[in-house]
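By the count of this note's numbering, the sequence shown reaches residue 80 at its end, each step adding exactly one. Beta carbons are placed, not taken as given, at the ideal position from N, Cα and C, and that holds for glycine.
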Amino acid sequence: MDIMESVSCALAMVDLVDGYPVRCAIFCANLGGDADAIGTMAGAISGCAVSDLYPP
Numbered sequence: 025m026d027i028m029e030s031v032s033c034a035l036a037m038v039d040l041v042d043g044y045p046v047r048c049a050i051f052c053a054n055l056g057g058d059a060d061a062i063g064t065m066a067g068a069i070s071g072c073a074v075s076d077l078y079p080p
């Protein structure tokens, strides 16, 4: 899987789970292929998107 497919998949995962980081991590863990890179990107994006759910 090349970088463009990984980024596209990560953004699709964030959209699929409506931005919930925990659900995003679970879904990404069940992917095949480059799941670690996709999970890292998707988790970071979804974590930033809903920062009000998880206070520092």
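- Taking the CA atoms as reference points, alanine 73 sits about 14 angstroms from arginine 47.
- Taken through DSSP and simplified to helix, strand or coil, methionine 65 comes out as helix.
- Residue environment for glycine 63: buried (at least 16 other C-beta atoms within 10 angstroms of its C-beta).
- Shown here, glycine 57 sits in coil according to DSSP, grouped into three states, outside any helix or strand.
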